[in-house]
Structure formats: structure tokens, C-alpha cells
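Undergrad: So the sequence shown is numbered by our numbering: it starts at 4 and just counts up by one. Idealized CB from N, CA, C, for every residue including glycine. Below you will find the structure I want to go over with you.
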Amino acid sequence: MEALDALLNRVSVPRLIDPAPDAAQREILFSAALRAPDHGQLRPFRFLTVEGKAREQMGELLVQALQQSDAEATPQALDKARQGPMRAPLVVVVIAKLQDHLKVPKQEQLITAGCAAHAVLLAAFALGVGAVWRTGELSYSAQVAKGLGLEADEEVVAFLYLGTPQHPPRTAPKLDTADFVSEWQG
4 MEALDALLNR VSVPRLIDPA PDAAQREILF SAALRAPDHG QLRPFRFLTV EGKAREQMGE
64 LLVQALQQSD AEATPQALDK ARQGPMRAPL VVVVIAKLQD HLKVPKQEQL ITAGCAAHAV
124 LLAAFALGVG AVWRTGELSY SAQVAKGLGL EADEEVVAFL YLGTPQHPPR TAPKLDTADF
184 VSEWQG
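Structure, rendered in C-alpha cells:
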């Protein structure tokens, strides 16, 4: 697939089934992430892959975090948290590793990690791998961060769900760029 095709047509693919991306596809996905814009070449990100039984353990971690943050969480909310990681055969946790740096503020490093996540999504689309970026309140939970083994200077940026599309991806909506671009006149 041509780069512009991926950039102009990528859509989220939320219904995912086995198989997960294979080793060769994963190499491409993570190599694409390493091309994210990166002032200072700090590589302020890393990735965790979660698959197989580890997805069930991640679901239990999300349940514990939800129970800690909301003692009155409904059984439906707890089940949704538990089943979240089961929505795809592979979950990639994108982690920002924020560093003190004279010229590169932490906010810029966080954006770089987000660009790395987006690069994975673009590469997945180009390869025909289904992918969707999901976060939510639990993504930013200190308990989830601890359970995933994050250091004090790290935070979750994204949970990327990857697998085989259950259905063909939808067509990207055509948006008018004029609705999003204006000229500053000073």
C-alpha cells in the first residue's frame, strides 16, 4: 500500500479476531513506530505486548483498578473492564518514558509517544492488520501502571488492539480540510 493511501484512508477496526500479527508483521509495526518525530532522538516510548492468557490477567488488573477507583462499580462495568483486553488477540500497551531534558519538554516527549502509537496504526492498516486505539479512565490509573510494571517516569499513552479484521474496514469519511485550516493574519 502506498503511504498516502494509508494516511488518507486509515480507519479504526474495532472487531478483531485471531490471528494476531505474526513476527514479521510486528517487526514492521514497531519499526514504523521508531520513525516517529523525535526531537533529541530520545525515543521516549516503549511497548508491552499482551496476548494469550496475559490478556485475562490484564482484564483482572483493570477490574481491580476500577474497584479501587469506584467502590460502587456495577457488575456490568466490572465485566466490561475484565473483557476489554479480550477484544483482540494482541494488545500493545504504548508507554511514554518521560525524561528530564534541557531542550525537549516532557509534553513534547508525550506527543512523540503518541506519534509512535499512530505509526503502529498506520503500518497495521497498510499491512491489512485490523487495529484500534483505545484508552479510557483505567488507562491512566496508577494501579494499572504499577500492575504493568511501569516506572515512576512512565505513563500509558494507548492500548492498541490488533488482530484480523472480522469484517472489511469501513470507508474513511471524506472531510473538508477547509473546516480545519485557517490562515493567521497577524
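In or out: Gly62 buried (at least 16 other Cβ within 10 Å) or exposed?
TA: Taking the first residue of the sequence shown as 1, we reach residue 62 at position 59. Looking at its Cβ environment, which holds 16 or more other Cβ atoms inside 10 Å, Gly62 is buried.
Undergrad: Report, in whole angstroms, the separation of the C-beta atoms of Glu54 and Ala23, which I expect to be a contact under 8 Å.
TA: Here residue 54 is taken as the residue at index 51 of the sequence shown, counted from 1. Here residue 23 is taken as the residue at index 20 of the sequence shown, counted from 1. Yes, Glu54 and Ala23 are in contact; Cβ-Cβ is about 6 Å, under 8 Å.
Undergrad: Can you look up Lys149 in the DSSP assignment and give me helix, strand or coil?
TA: Residue mapping note: residue 149 aligns to position 146 of the sequence shown, counting from 1. In the structure shown, the three-state DSSP call for Lys149 is helix.
Undergrad: Going by other Cβ atoms of all chains shown within 10 Å of its Cβ, with 16 needed for buried, is Phe183 buried or exposed?
TA: Translated into positions along the sequence shown, residue 183 becomes position 180. Under this definition Phe183 is an exposed residue.
Undergrad: Is the CB-CB distance between Phe33 and Ala99 below 7 Å?
TA: Within the sequence shown, residue 33 is the residue found at index 30, counting from 1. Within the sequence shown, residue 99 is the residue found at index 96, counting from 1. No, Cβ-Cβ distance for Phe33 and Ala99 is not below 7 Å.
Undergrad: Consult DSSP for Gly62 and reduce its assignment to one of helix, strand or coil.
TA: Residue numbering aside, residue 62 sits at position 59 when the sequence shown is read from its first letter. DSSP places Gly62 in helix when its eight states are reduced to three.
Undergrad: Consult DSSP for Glu140 and reduce its assignment to one of helix, strand or coil.
TA: As a first step, residue 140 is located in the sequence shown; it is residue number 137 there, counting from the start. Residue state, collapsed to three classes: helix.
Undergrad: Report yes or no: do the stretch 68-88 and the stretch 102-116 share at least 3 C-beta pairs separated by less than 8 Å?
TA: no
Undergrad: What residue range is occupied by the uninterrupted beta strand (DSSP E) comprising Arg49?
TA: In the sequence shown, counting from the first residue as 1, residue 49 sits at position 46. Phe48 to Glu54 is the span of the beta strand (DSSP E), which, as asked, contains Arg49.
Undergrad: Cβ atoms of Leu19 and Gly166: under 7 Å apart, would you say?
TA: Locating residue 166 in the sequence shown gives position 163, counting from the first residue. Locating residue 19 in the sequence shown gives position 16, counting from the first residue. Yes, Cβ-Cβ distance for Gly166 and Leu19 is below 7 Å.
Undergrad: Evaluate Thr115 with the Cβ neighbour count: other Cβ atoms within 10 Å of its Cβ, from every protein chain shown; 16 or more gives buried, anything less gives exposed.
TA: By 1-based counting over the sequence shown, the position of residue 115 is 112. Counting of Cβ neighbours within 10 angstroms places Thr115 among the buried residues, the total reaching 16 or more.
Undergrad: Helix, strand or coil for Thr77, going by three-state DSSP, please let me know.
TA: As a first step, residue 77 is located in the sequence shown; it is residue number 74 there, counting from the start. In the structure shown, Thr77 sits in coil (DSSP, three-state: anything other than H, G, I, E or B).
Undergrad: Just to confirm the assignment, what range does the beta strand (DSSP E) spanning Glu157 have?
TA: For the purposes of this step, residue 157 is identified with residue 154 of the sequence shown, where counting begins at 1. Where Glu157 is concerned, the enclosing beta strand (DSSP E) stretches over Glu157 to Pro168.
Undergrad: Kindly indicate which three-state DSSP category Val132 falls into: helix, strand or coil?
TA: Walking along the sequence shown from the start, residue 132 turns up at place 129. DSSP places Val132 in coil when its eight states are reduced to three.
Undergrad: Comparing alpha-carbon positions, which option in Leu10, Leu163 and His104 lies nearest Gln44?
TA: Numbered from 1 along the sequence shown, position 41 holds the residue referred to as residue 44. Nearest option by C-alpha distance: His104.
Undergrad: Report yes if the C-beta distance between Tyr164 and Val135 is below 7 Å; otherwise report no.
TA: Here residue 164 refers to the residue found at position 161 of the sequence shown. Here residue 135 refers to the residue found at position 132 of the sequence shown. Yes. Within cutoff.
Undergrad: Under 7 Å, do Ala120 and Ala161 count as touching if we go by C-beta distance?
TA: For the purposes of this step, residue 120 is taken as the residue at position 117 of the sequence shown. For the purposes of this step, residue 161 is taken as the residue at position 158 of the sequence shown. Contact flag set, yes.
Undergrad: Quick check on Ser144: buried or exposed, where buried means 16 or more other Cβ atoms within 10 Å of its Cβ?
TA: Residue mapping note: residue 144 aligns to position 141 of the sequence shown, counting from 1. Ser144 comes out buried.
Undergrad: Per DSSP, which residues does Ile98 bridge with? Please list them.
TA: Stepping through the sequence shown from its first residue, residue 98 is reached at position 95. Ile98 pairs with Arg49 and Val159.
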